[in-house]
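Quick note, the sequence shown lines up with residues 106 to 723 if you use my numbering. Glycine included, every Cβ here is placed at the ideal spot set by N, Cα and C.
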Amino acid sequence: MIIDDKILMNVEKPARYVGNEWNMVVKDPQKVDIRFAFCFPDIYEVGMSHLGMKILYHLINQREDTYCERVFAPWIDMEQKMKENGIPLFSLESKTPVCSFDIVGFTLQYEMSYTNVINMLALAGIPIRSEERSEKHPFVCAGGPCAYNPEPLADIIDFFVIGEGEEVINEILDVYKQWKKSGASRDDFLKEIAFIEGVYVPKFYTVEYNNDGTIRKIEPQNMGGTEFPSKIMKRIIKDFENVYFPDKIIVPYIGIVHDRIMLELFRGCIRGCRFCQAGFIYRPVRERSADKLIEMARKLEESTGYEEISLTSLSTSDYTQLEKLTDSLLEEMREKKVNLSLPSLRVDSFSLDLMEKAHEVRKSGLTFAPEAGTQRLRDTINKGVTEEDLLKSVELAFKGGWNNVKLYFMIGLPTETYDDIKGIAELGEKVVDVYRKVNAGKKAKGLKVTISTSSFVPKPFTPFQWEAQDPIDVLREKQQYLKKNIRIRQIEYNWHDPELSFLEAVFAKGDRKTGEVLIKAWEKGCKFDSWGEQFKFDKWLQAFEECGIDPGFYANRKAGYDEILPWDHIDTGVSKRFLVEENKRAYRAEVTPNCRVNCSGCGAASFGGGVCFEYNKG
Numbered sequence: 106m107i108i109d110d111k112i113l114m115n116v117e118k119p120a121r122y123v124g125n126e127w128n129m130v131v132k133d134p135q136k137v138d139i140r141f142a143f144c145f146p147d148i149y150e151v152g153m154s155h156l157g158m159k160i161l162y163h164l165i166n167q168r169e170d171t172y173c174e175r176v177f178a179p180w181i182d183m184e185q186k187m188k189e190n191g192i193p194l195f196s197l198e199s200k201t202p203v204c205s206f207d208i209v210g211f212t213l214q215y216e217m218s219y220t221n222v223i224n225m226l227a228l229a230g231i232p233i234r235s236e237e238r239s240e241k242h243p244f245v246c247a248g249g250p251c252a253y254n255p256e257p258l259a260d261i262i263d264f265f266v267i268g269e270g271e272e273v274i275n276e277i278l279d280v281y282k283q284w285k286k287s288g289a290s291r292d293d294f295l296k297e298i299a300f301i302e303g304v305y306v307p308k309f310y311t312v313e314y315n316n317d318g319t320i321r322k323i324e325p326q327n328m329g330g331t332e333f334p335s336k337i338m339k340r341i342i343k344d345f346e347n348v349y350f351p352d353k354i355i356v357p358y359i360g361i362v363h364d365r366i367m368l369e370l371f372r373g374c375i376r377g378c379r380f381c382q383a384g385f386i387y388r389p390v391r392e393r394s395a396d397k398l399i400e401m402a403r404k405l406e407e408s409t410g411y412e413e414i415s416l417t418s419l420s421t422s423d424y425t426q427l428e429k430l431t432d433s434l435l436e437e438m439r440e441k442k443v444n445l446s447l448p449s450l451r452v453d454s455f456s457l458d459l460m461e462k463a464h465e466v467r468k469s470g471l472t473f474a475p476e477a478g479t480q481r482l483r484d485t486i487n488k489g490v491t492e493e494d495l496l497k498s499v500e501l502a503f504k505g506g507w508n509n510v511k512l513y514f515m516i517g518l519p520t521e522t523y524d525d526i527k528g529i530a531e532l533g534e535k536v537v538d539v540y541r542k543v544n545a546g547k548k549a550k551g552l553k554v555t556i557s558t559s560s561f562v563p564k565p566f567t568p569f570q571w572e573a574q575d576p577i578d579v580l581r582e583k584q585q586y587l588k589k590n591i592r593i594r595q596i597e598y599n600w601h602d603p604e605l606s607f608l609e610a611v612f613a614k615g616d617r618k619t620g621e622v623l624i625k626a627w628e629k630g631c632k633f634d635s636w637g638e639q640f641k642f643d644k645w646l647q648a649f650e651e652c653g654i655d656p657g658f659y660a661n662r663k664a665g666y667d668e669i670l671p672w673d674h675i676d677t678g679v680s681k682r683f684l685v686e687e688n689k690r691a692y693r694a695e696v697t698p699n700c701r702v703n704c705s706g707c708g709a710a711s712f713g714g715g716v717c718f719e720y721n722k723g
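What follows is the structure in structure tokens.
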């Protein structure tokens, strides 16, 4: 299929749709057994910034029998041109219509991309509901963090991958190859992969509800004596040192969100912030050695020509060999004029020496995430940092010449009071005072402090998964209260749209019934919901009403510990007992030590690897 130049010349950023980038994989589609379309439900610039996509794309293409190609959501202008000219959704590599692939795989990074998944299937000519697909259609699968609650998409996705894709994807492809040769039915393939650990096939599981709308039970079906697993255990990579990582990555022709080499230091997090889903679903923590990372950096710099290396993780300063790694990388990359960036540094481990080494940070300013304005609330969420930590860090930064600081907080956290919100403004003022002190009483003319607040969203597999989100009007009221209490002109206040956070909570905690709302909202034109100018909240409310579903039931209702949650048949290794105990500790504002200080018995040690295993062994 050829995309006409006339079309490309009439859309924003035509490079989104042409492919042929440096390090793109080229294969003859006629000489492979399996065609895999890796779909990212957002625009090219967002999808191409995602590390998981880079890894899996090249990993799958290591197979001689499989060709993995990329597919991104076309922006509004391109979608219109495609519809006008009868062009179906296509892959970047070979411009093949997506409906011609064997497997179509989506990565689910954010709940508000779900309507884009539906839209991409429709543009591809693939039936939206899995039950409507026949032998001629591709299988549709999905993975990523949102797959840990697969239920809102259970009627749309054929099968989900729970856990780390590198660990399980080849097993799925091996089964598919044999199935394809056998000429067996579609259901036969799904039955076989349903027994692969980490694979969830929703059609083989039945959900029953109580009269009040809560779930009575989720159980596997018994099909002709076939008993499917009652729990789907996530898959993890135990040997993170030697797991596959590409030594070449695609270099786009246009700027993308994260346009640099990304070195993944470790997976997981030792901290256990009670609102943070990633901190629990990626347990246990598994590190790469500094020597391995230096080797990876060397190869990637040679194969891409990038001038920046970013050290990525959930909390970079918790990497045990950080000093060795940064010193070695800076020494090696100095002559090549390659910068080093260090995102995800904690307030309590800020190092001026380290930041001065990372030249790129100076350009962009410094970011800290205290999350809450008072110590009581920081202890409630188990943040593990103090006001003193923050002020000490900004003092070091100001002494080092920085004058642009961003502070991230959450509004609507469990147990929050208006004193906690006022505390955010007061903390901002204290940061300004530190700047004046460092600069010997001078006016804070060159200083810029940005306070940003997002709305708390209760997420599955966190200690706050039972909590209710504040209603939209309350969140708005709290935002206005904070705004009124910020009285210093050096402080700028930004906030997230509470309507969007409300929908995020609905689908984060949603069950199968919410899937109909997704389809209805898409039919009303909802897509690219996370893009402000495209967000149509009124259409969403109409969709809920027409489906007879109260969104507040999911977002604004507190659940009981004994309630069956939509994701209770998924096993992350972290026990529900532990999450309950952490929830109780939150209400007592008790801090739980991080995994390197003390093992709290969350259950992740059962995987037999990572920090907690080492702790228990030693």
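Where do the N-terminal and C-terminal ends of the beta strand (DSSP E) with residue i fall, by residue?
i      : result
ARG175 : 171 to 177
LEU77  : Residue 77 is absent from the model: the chain starts at 106 and stops at 723.
TYR314 : 310 to 314
ARG321 : 320 to 325
GLU117 : That residue, GLU117, is in no beta strand (DSSP E); it is neither H nor E in DSSP.
For residue i, tell me which candidate among the options has the shortest Cα-Cα distance.
i      : options                           : result
THR431 : SER446, LYS442 and TYR666         : SER446
GLU597 : THR409, CYS374, TYR523 and VAL536 : VAL536
ARG140 : GLU169, LYS339, GLY678 and GLY714 : GLU169
ILE486 : GLU695, ARG541, LYS641 and ASN703 : GLU695
THR520 : ASN509, GLN574, LEU552 and ALA502 : GLN574
SER196 : GLN185, ILE208, GLU189 and GLY708 : ILE208
LEU370 : ASP364, THR619 and GLU400         : GLU400
GLU392 : ASN316, TYR424, LYS632 and ASN599 : TYR424
ALA229 : GLY528, VAL203, ASN347 and LEU419 : VAL203
LEU156 : LYS118, ASN508 and ILE414         : ILE414
GLU534 : ARG592, LEU161, ALA502 and ARG483 : ARG592
ASN125 : PRO357, TRP507, GLY470 and GLU297 : PRO357
PHE683 : PRO146, THR567 and PHE309         : THR567
PRO563 : ASN590, THR417, LEU670 and GLU346 : LEU670
VAL362 : CYS707, ALA545 and ILE148         : ILE148
LEU587 : ILE556, ASN115 and TYR692         : ILE556
ILE375 : PRO698, ARG690 and VAL554         : PRO698
ASN544 : LEU501, GLN585 and PHE514         : LEU501
LYS339 : ASN688, ILE675, CYS704 and GLY714 : ILE675
LYS712 : ALA178, PHE294, ARG175 and ARG388 : The question names Lys, yet the displayed sequence has Phe at residue 712. Of ALA178, PHE294, ARG175 and ARG388, the residue nearest in Cα terms is ARG388.
GLN584 : ALA395, GLY528 and TYR215         : GLY528
LYS629 : ARG617, ALA648, GLU621 and PRO307 : ALA648
VAL509 : VAL579, VAL554, THR331 and ARG291 : Reading off the sequence shown, one finds Asn at residue 509, where the question assumed Val. Cα-wise, what sits closest to ASN509 is VAL554.
When the distance is taken between beta carbons, is residue j closer than 9 Å to residue i?
i      : j      : result
VAL273 : GLY303 : yes
ILE526 : PHE561 : no
ALA252 : ILE267 : yes
TYR219 : LEU194 : no
ALA247 : THR201 : no
PRO351 : SER335 : no
ILE355 : TYR411 : no
TYR666 : VAL685 : yes
GLU256 : THR677 : no
PHE612 : LEU605 : no
GLU492 : LEU518 : no
GLY715 : LYS343 : yes
PRO307 : ARG594 : no
Alpha helix (DSSP H) containing residue i: first to last residue?
i      : result
ASN221 : 219 to 229
LEU419 : Per DSSP, LEU419 belongs to no alpha helix (DSSP H) and is neither H nor E.
SER199 : Here SER199 belongs to no alpha helix (DSSP H), and DSSP marks it neither H nor E.
GLY505 : Element bounds for GLY505: n/a, residue is neither H nor E.
SER557 : That residue, SER557, is in no alpha helix (DSSP H); its beta strand (DSSP E) goes 553 to 560.
ALA530 : 523 to 543
ARG340 : Taken as a continuous stretch (DSSP letters only), ARG340 belongs to no alpha helix (DSSP H), as it is neither H nor E.
ASN254 : Where ASN254 is concerned, there is no enclosing alpha helix (DSSP H), given that its DSSP letter is neither H nor E.
THR485 : 480 to 485
Taking 9 Å as the CB-CB cut-off, is residue i touching chain C?
i      : result
ALA229 : The displayed structure is made up of one protein chain only, and chain C is not part of it.
With three or more beta-carbon pairs closer than 8 Å as the criterion, would you say the segment 315 to 334 touches the segment 353 to 372? Contact fails: fewer than three Cβ-Cβ distances are below 8 Å.
Entirely enclosed alpha helix (DSSP H) segments - the segment 587 to 626, minimum 4 residues: 603 to 613
Restricting to runs no shorter than 4 residues, where is the alpha helix (DSSP H) found entirely within the segment 619 to 688? For the segment 619 to 688, the full-length alpha helix (DSSP H) segments reaching 4 residues or more read 619 to 628, 642 to 652 and 657 to 660 along the chain.
At a cut of 8 Å, does the segment 374 to 388 reach the segment 145 to 156 through at least three beta carbon pairs? As far as the Cβ criterion goes, the segment 374 to 388 does not touch the segment 145 to 156, which means the pair count is below three.
For the segment 355 to 427, list the alpha helix (DSSP H) runs that are entirely contained and at least 4 residues long, ordered along the chain. 383 to 386 and 395 to 409
With a cut-off of 8 Å, do at least 3 Cβ pairs link the segment 181 to 193 to the segment 233 to 240? no
Counting pairs of Cβ atoms below 8 Å between the segment 294 to 310 and the segment 630 to 644, do you hit three or more? no
Runs of beta strand (DSSP E) wholly within the segment 245 to 307 (minimum 3 residues, chain order): 264 to 266
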